[in-house]
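Under this note's numbering, the letters of the sequence shown match residues 1 to 319, in that order.
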Amino acid sequence: MENNARAAAPVALDQCPHPDDQPGAAVPGTDVRPSAGTLVRLDGTIADRTRPALRADDLAALRGDGVFEALLVADGRPVHLDAHLDRLARSAAALGLRAPDRADWRRALAVGTAHHGTAGESYARLVLTRGPEGTDRETAYVLVDPVPDSTLRARRDGVRALTLTRGTVVAPPGQAPWLLNGAKTLSYAVNMAAQRWAREHEADDAIFLAEDGTVLEAPTAAVLLVSGGRLVSPAPELGILPSITLQAFFAAAAAAGWACEYARLSAGELRAAEGIWLLSSVRLAARVRSLDGVPCPPSPHEARIADLVRAVVAPAAAG
Numbered sequence: 001m002e003n004n005a006r007a008a009a010p011v012a013l014d015q016c017p018h019p020d021d022q023p024g025a026a027v028p029g030t031d032v033r034p035s036a037g038t039l040v041r042l043d044g045t046i047a048d049r050t051r052p053a054l055r056a057d058d059l060a061a062l063r064g065d066g067v068f069e070a071l072l073v074a075d076g077r078p079v080h081l082d083a084h085l086d087r088l089a090r091s092a093a094a095l096g097l098r099a100p101d102r103a104d105w106r107r108a109l110a111v112g113t114a115h116h117g118t119a120g121e122s123y124a125r126l127v128l129t130r131g132p133e134g135t136d137r138e139t140a141y142v143l144v145d146p147v148p149d150s151t152l153r154a155r156r157d158g159v160r161a162l163t164l165t166r167g168t169v170v171a172p173p174g175q176a177p178w179l180l181n182g183a184k185t186l187s188y189a190v191n192m193a194a195q196r197w198a199r200e201h202e203a204d205d206a207i208f209l210a211e212d213g214t215v216l217e218a219p220t221a222a223v224l225l226v227s228g229g230r231l232v233s234p235a236p237e238l239g240i241l242p243s244i245t246l247q248a249f250f251a252a253a254a255a256a257g258w259a260c261e262y263a264r265l266s267a268g269e270l271r272a273a274e275g276i277w278l279l280s281s282v283r284l285a286a287r288v289r290s291l292d293g294v295p296c297p298p299s300p301h302e303a304r305i306a307d308l309v310r311a312v313v314a315p316a317a318a319g
């Protein structure tokens, strides 16, 4: 159930002094320029992204204590916004955070999208942290940015993936709620380390396996494969994040006549698949073109998968 209790007055995003008295200047000693994106407070005011946005003792920075959502914005319209707000509320409840009203998120997102520009694609991140240490005052804000070139390349060219152990066993659903399975938290250090490891070993991304070889998820995406003419993905009950993009994809695929199912998959079944894709809200679908250094042959289902991805995004952007 969504927790709509209002938090105390939000922490100002620009209350810290900035070491550089010339907003917009390059960071001293570098050629780094301000981001092309937009930062919006929950009251709908735009903040300067060249200035500090968090207190140094914000628990997001100290402990990764918070939750977030990332979603595609197509021609100014957020894709699957209601589903992302639902998941954000569930994640906040799992951490005992007081989620701001949905109307506040919508207002900030609308301001950020309009300021950033409504033509083409961008992506938004909705961020909620536990706030500064000892204050009981959550921090919340919205970021709107261009879709990274690396994301567009992955959509177009696919990715090379490595299977990596997560070092865990699959626990029965609900057995250990403190593990926050199914919550989209800010604690992404392990996920980012897995992607760095992949890039350092001639790959682009990773697919996590449990200790017994059960297929789980990618660091920032769900895993989809075609097996025996069916669309199959690891079950959320395995302790992975329920994917909004995958849920919408399965709905469109079922309407188009595909058999779709969630299942417990082995690494062997992954390698024997008739095609593997990584699905996420911004990258959409990236075909896995090699797995553990072994090239994956072109899938006979690529064109149909691409059509389904377009069907998933287009109605949501138009609605």
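All C-beta atoms, glycine included, are put in the ideal place defined by N, C-alpha and C.
C-alpha of Val-288 to C-alpha of Ala-222: approximately 12 angstroms in a straight line.
Within the same chain, Cβ atoms closer than 8 angstroms to the Cβ of Leu-62 are found at Glu-133, the five residues on either side in sequence being excluded. Contact check for Ala-203 and Leu-162: beta-carbon distance about 5 angstroms, within the 8 angstroms limit, so the pair qualifies. Cβ contact annotation for Tyr-123 (same chain, cutoff 7 angstroms, sequence separation greater than five): Ala-70, Leu-71, Leu-72, Val-73, Asp-145, Val-147, Val-282, in chain order. A distance below 8 angstroms between beta-carbons, with the five flanking residues on each side excluded, links Leu-95 to the following residues of its chain, in chain order: Asp-65, Gly-66, Val-67, Arg-130, Leu-180, Ala-183, Thr-185.
Fewer than three pairs of CB atoms, one per stretch, sit closer than 8 angstroms, so the segment 223 to 239 makes no contact with the segment 191 to 205. DSSP, read as helix, strand or coil, puts Pro-132 in strand. At a Cβ-Cβ threshold of 9 angstroms, Ile-46 and Gly-117 do not count as neighbours. Contact check for Gly-275 against Glu-302 passes: the beta carbons are separated by less than 9 angstroms. By the beta-carbon neighbour count (other beta carbons within 10 angstroms, threshold 16), Glu-138 is buried. Close CB contacts of Gly-158 within its chain, under the 8 angstroms cut and outside five residues either way in sequence, are with Ala-286, Arg-287, Val-288, Arg-289 (chain order). Within 10 angstroms of the beta-carbon of Pro-297 lie fewer than 16 other beta-carbons, which makes it exposed. Under the three-state reduction of DSSP output, Thr-168 falls in the coil class, being neither helix nor strand. Nearest in C-alpha terms to Asn-191, of all of Leu-128, Ala-56, Ile-207, is Ile-207.
Closest by C-alpha distance to Ala-314, out of Thr-245, Ala-89, Trp-178, is Thr-245.
Judged by DSSP secondary structure, Arg-153 falls within the alpha helix (DSSP H) whose first and last residues are 149 to 157. The residues Gly-66, Val-67, Phe-68, Leu-88, Ala-92, Leu-97, Ala-99, Pro-100, Glu-138, Thr-139, Ala-140, in chain order, have a CB closer than 8 angstroms to that of Leu-128 in the same chain once the five nearest residues on each side in sequence are set aside. Here Ala-176 is exposed, its C-beta having fewer than 16 other C-beta atoms within 10 Å. Comparing alpha-carbon positions, the option among Leu-279, Ser-266, Ser-233, Leu-238 lying closest to Cys-260 turns out to be Ser-233.
In this structure, DSSP gives Glu-69 an extended state, which the three-state scheme calls strand.
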